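A.B. asks: Pasting a structure below so you can have a look.
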Amino acid sequence: MSTVLARRVASTPVRTAAQTWARIAEILAPDAESAARRELANAAGVACASISSEATKDAPIVVWGGGPRVRIYCIFDEDAITQDGVNEDALPRSPTEGAWQMSIPCQPEDVKWSHAKLASVSSKISARSFDEDVEDDQPVAAASAPSIGVNLGEFLKS
38 MSTVLARRVA
48 STPVRTAAQT
58 WARIAEILAP
68 DAESAARREL
78 ANAAGVACAS
88 ISSEATKDAP
98 IVVWGGGPRV
108 RIYCIFDEDA
118 ITQDGVNEDA
128 LPRSPTEGAW
138 QMSIPCQPED
148 VKWSHAKLAS
158 VSSKISARSF
168 DEDVEDDQPV
178 AAASAPSIGV
188 NLGEFLKS
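Here it is, written out as structure tokens:
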């Protein structure tokens with residue numbers, strides 16, 4: 038089994054969901070100009086919905102690839118205010134360098150639209166129901182695999 042690092046990020050009412058996601062992106066991709074940071078920014082809508090629904094309270098955002106697996110949880114309410122259990126320390130190495138993948142937990146009713154939205158903006162980030170975990174031996178998708186999208190509107194035109 039590989040090494041697992043966890044971070045617990047203060048969220049509402051200390052930060053909005055968008056501010057929380059921005060902090061998570063800083064932890065995962067410290068270089069503000071990196072391709073990984075742009076990819077995380079593209080996933081903000083789904084990530085913010087996940088954080089707002091508190092799916093990330095008990096189910097982590099999981100990042101895996103070349104380095105240690107990283108699990109990011111969000112801390113809410115009084116614990117966020119008192120910083121009880123909060124750990125936003127920098128990681129020893131950015132998990133978004135090289136080949137990496139991310140899974141964002143969502144409410145079960147949000148998985149379908151979240152998955153579709155993420156597929157339209159990223160080949161590395163996916164959604165799952167908060168009651169599912171990411172397998173420890175989950176492989177990283179091939180970096181050279183093409184991302185194929187279908188413009189449904191154009192496809193259905195007569």
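Just so you know, we're using my numbering here: the sequence shown kicks off at 38 and counts up by one.
Yeah, the Cβ is synthetic: ideal placement off N, Cα and C, and Gly gets one too.
Since the model is a prediction, treat every value here as computed from it, not as a measurement.
(1) Over what stretch of residues does the alpha helix (DSSP H) that includes Gly82 continue unbroken?
(2) So, Ala127 versus Pro50, is the Cβ gap smaller than 8 angstroms?
(3) In the DSSP assignment, find the unbroken alpha helix (DSSP H) run with Leu128 in it and report its ends.
(4) Report the rounded CA-to-CA distance for Thr197 versus Asn79, giving the unit in angstroms.
(5) Excluding the five sequence neighbours on either side, which residues of its own chain have a C-beta within less than 6 angstroms of the C-beta of Arg60, listed in chain order?
(6) Which ranges does the beta strand (DSSP E) cover as unbroken runs of at least 3 residues, wholly within the region 40 to 114, from first to last along the chain?
(7) Which value, in whole angstroms, describes the spacing of the CA atoms of Pro145 and Phe167?
(8) Give a yes or no on whether the C-beta atoms belonging to Val107 and Arg44 are separated by under 8 angstroms.
(9) Indicate the three-state DSSP secondary structure (helix, strand or coil) for Ala136 in the structure shown.
C.D. replies: Let's see:
(1) Gly82 -> alpha helix (DSSP H) spans Ala81 to Ser89.
(2) Taking 8 angstroms as the Cβ cut-off, Ala127 and Pro50 do not qualify as a contacting pair.
(3) Segment: none, Leu128 is in no alpha helix (DSSP H) and carries neither H nor E.
(4) Nothing about residue 197 can be read from this structure; the chain reaches only from 38 to 195.
(5) Val46
(6) 41 to 47, 98 to 102 and 106 to 112
(7) 7 angstroms
(8) yes
(9) coil
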